Amino acid sequence: MIREGGGAAFSGAAGLLREFRLRPPADPQEDAEIRRRTLRELWPINLGMQIYGGLSLGLTHWLTSTELADTAVLSPVYSLLLLSFAITLMWHDWTGLCIGRFLCLVAVVVGLRISIQQTGNPYFWPIPVALVMGLTTAIAYDHMGEYTASNLLCWGILCDWGLVDNGHPEQASRIALLMVSGIVLGIAVNMLLTLSRRRAHRLNLHMARMAHRDFLTGIRNRRSFLEVVEADLKARPDVHRYCLMLDVDNFKKINDDFGHAVGDGVLVDIAGTIRRVAGDQHHGRLGGEEFGIIVAGLQYDEVRAFAARMVAEIAAMSVRGRPLSVSIGLARCAAGIALAQTMQRADRALYQAKTAGKNRYVAEAPPLGLVV
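Under this note's numbering, read the sequence shown as residues 1084 to 1455, first letter to last.
So, in structure tokens, the structure goes:
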């Protein structure tokens, strides 16, 4: 039985919203696209913080050059920073960002060690916070394990070199506080930026898909249906295709007798049947009570069986005790013939099905380009 009342239309809209609800997507391709967009937007922030770290290093070096016995000892720090810049510029993925960030953290450790050993003061104290907090912004929320591991590795290097107890124990608590604060701030900034950007991208994808879906039934609208079929025709020109135009019989009388809410319910359920029977074949609502289906990769007899099954499936449905039916027109998509012309031929076959008594399919005879 057909669902009745305004709940039918609401159910169709709710089903569409559930299909694209704002949650971590089950579709791996959609998730990969969200990751790529997030990475593309956060990558400049990551690089900007690296540049900030390099400028801080240069400024600190200039301000403390009189206290350093040999300024050339800082060349490893500059080399590490330059290498991290190069990796981040050339390697635009999560791995490159992780490696670039790790090299910057190593540069921080080397700079701290040199500064404390030669001057007794951690003149590089702004850099741990800047780099540890800033250079992690491009790491996604689900990469937190890599982020934590890299920081623990840096701590291991720091402790192995005896930096926190190298004749200057008074600096140990200060360095530890700065590093821990940087890690905590890095996690917070990372989570906020990544989650907010991912939600924004997911919302954009959701809105883009909504623009290509019929709000009532949840299947493709006319514009999206035509676009995807045209694209498929160009991508696979040698595949045999047939166009089916489907129209609900006596739909105006259903609206007049039972109201538009019941009519909407009929469209929702018929669209569900089309979706189930058509599967991955292109299908959409063309307007009103008319639907379109493009069947690809099947022989002529198989397409006729497909059309007969569609008629039978919908004939088994009813609304308030009144049986439903559809009429279908079938036409072959011949090479060199525009899709609009094929749909017109299918529409003429549909008209023949209507005049022949409805609740049936009619194929153009013979199908264009096919000898039977």
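Backbone N, C-alpha and C define an ideal beta-carbon position, used for all residues, glycine too. In this text, all values refer to a predicted model and were calculated from it rather than measured experimentally.
Check	Outcome
Please classify phenylalanine 1466 as buried or exposed, where buried requires at least 16 neighbouring CB atoms within 10 angstroms.	Residue 1466 cannot be examined here, being either before or after the span of the chain that is shown, 1084 to 1455.
Pull the bridge partners of tyrosine 1025 from the DSSP assignment, please.	Nothing in the structure corresponds to residue 1025, since the chain is present only between 1084 and 1455.
Could you tell me the boundaries of the alpha helix (DSSP H) in which glycine 1028 lies?	This structure gives no information on residue 1028, because the portion of the chain shown stretches from 1084 to 1455.
Do the segment 1369 to 1385 and the segment 1311 to 1331 make contact, defined as three or more Cβ pairs closer than 8 Å?	yes
Under a three-way DSSP split, which group does leucine 1163 fall into?	helix
Quick check on leucine 1369: does DSSP put it in helix, strand or coil?	strand
Please say whether glutamate 1396 and valine 1445 have beta carbons closer to each other than 8 Å?	no
Mind reading off the beta-carbon distance from alanine 1414 to arginine 1428? Whole number of angstroms is fine, and I expect it under 8 Å.	4 Å
Just the C-alpha distance for proline 1159 and phenylalanine 1185, rounded to the nearest angstrom, thanks.	15 Å
Going along the chain, which residues of its own chain have a beta-carbon closer than 6 Å to the beta-carbon of aspartate 1297, five neighbours each way excluded?	Asn1304, Arg1368
Checking 8 Å against the spacing of the C-beta atoms, do valine 1456 and isoleucine 1357 come in under that value?	One cannot answer for residue 1456 here, as it falls past the ends of the chain, which runs 1084 to 1455.
Short check: CB of leucine 1299 to CB of valine 1351, under 8 Å?	yes
What does the Cβ neighbour count give for alanine 1391, buried or exposed, with the cut at 16 atoms within 10 Å?	exposed
Along the chain, where does the alpha helix (DSSP H) that runs through alanine 1036 open and close?	The structure shown does not extend to residue 1036, since the chain is modelled only from 1084 through 1455, so no value can be given for it.
I need the DSSP call for aspartate 1297, collapsed to helix, strand or coil.	coil
In whole angstroms, what separates the C-alpha of glutamate 1310 from that of leucine 1316?	10 Å
Is the beta carbon of phenylalanine 1334 sitting closer than 8 Å to the one on glycine 1342?	no
Where does arginine 1405 fall in DSSP's three states?	strand
Is DSSP giving aspartate 1330 helix, strand or coil here?	strand
From valine 1409 to threonine 1438, what does the alpha carbon distance come to, in whole angstroms?	13 Å
Looking only at C-alpha atoms, which of Arg1431, Arg1306, Arg1403 sits nearest to glycine 1412?	Arg1431
Using CA coordinates, which residue listed in Gln1364, Asp1340, Ala1417, Arg1443 is at the minimum distance from arginine 1403?	Asp1340
Taking the alpha carbon of alanine 1436 as the reference point, which residue from Thr1425, Ala1421, Ala1423, Val1394 has its own alpha carbon closest?	Val1394
Assign alanine 1223 to buried or exposed, taking buried as 16 or more other Cβ atoms, counted over all protein chains shown, within 10 Å of its Cβ.	With a pLDDT of 41 at alanine 1223, under the threshold of 50, the modelled position of this residue cannot be trusted, and the question is left open.
Please report the straight-line C-alpha distance between glycine 1217 and leucine 1166, rounded to a whole angstrom.	Residue placement at glycine 1217 cannot be trusted, given a pLDDT of 45 that sits under 50; what the coordinates show is reported in the next sentence. If I take the Cα positions, the gap works out to 17 Å.
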